[in-house]
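Under the working numbering, the residue at position 35 of the sequence shown is numbered 69, and the numbers go up by one with no gaps. Just so it is clear, CB atoms sit at the ideal spot from N, CA and C, and this is done for glycine as well. Have a look at the structure below, then the notes.
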Amino acid sequence: MTRADFYILGGQADHDQWFFACRLVEQIQQKGHKILLQVDNEQKARELDDMLWQFRADAFVPHALLTAKDAPVDCPVSIGWAQEPGHHHDVIINLSAELPAFFSRFERLVEIVVQKDDILAQTRQHFRFLKDRGYPVTHNDMRMS
């Protein structure tokens, strides 16, 4: 059964959410996991693609857009938006407004919460949905870190 981890941040900007996602992706990928970053649309996917290359000068996170024709099948990190996740089933980091219909095929679901009204409302809804269906959910309050 999919395990869901919610990371609660103190920041209010989308940038806070995405920067934390980049750091988390780097950590998870270094442990040998394959990751799908799910966003709302292709424009956001391309913005996140750029951010993953630049979020820290000494970081290297090999990644590709899920639809890129030349993307290696075994790429450890993929960024998707409306398409099926293909071979992915390890970790999904959901940065989209909706909980993807295919989330339950993954071992782990990550939601990153910032103190912004629309994101708070979305992630609260996702949390309730998962809890009501018996998924194991953890709450990681990063505001004190």
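From the DSSP secondary-structure annotation, give me the bridge partner or partners of residue i.
i	result
S112	L70, A98
D39	V144, T172
If we count the other Cβ atoms within 10 Å of its Cβ and call it buried at 16 or more, is residue i buried or exposed?
i	result
Q77	exposed
K68	buried
F94	exposed
H122	buried
H49	exposed
Q51	buried
H160	buried
Q72	buried
Taking just the CA atoms, how far does residue j sit from residue i?
i	j	result
D39	D83	23 angstroms
F140	I127	10 angstroms
A98	V111	7 angstroms
R80	Q88	13 angstroms
M85	Q156	23 angstroms
A116	L70	12 angstroms
T101	C109	12 angstroms
A55	I146	7 angstroms
A135	G114	13 angstroms
K65	I42	22 angstroms
G120	M35	19 angstroms
Tell me, to the nearest whole angstrom, how far the beta carbon of residue i is from that of residue j; I am working on the premise that it is less than 8 angstroms.
i	j	result
L129	F137	Wrong, their Cβ atoms sit about 13 angstroms apart, outside the cutoff.
Q63	Q149	Between Q149 and Q63 the Cβ distance is about 27 angstroms, and since that is not below 8 angstroms, they are no contact.
Please report the residue range of the beta strand (DSSP E) in which residue i lies.
i	result
N75	N75 -> no beta strand (DSSP E), and no H or E assigned at all.
Alpha helix (DSSP H) containing residue i: first to last residue?
i	result
F163	151-166
D92	It is not in any alpha helix (DSSP H) - D92 carries neither H nor E in the DSSP assignment.
R57	48-64
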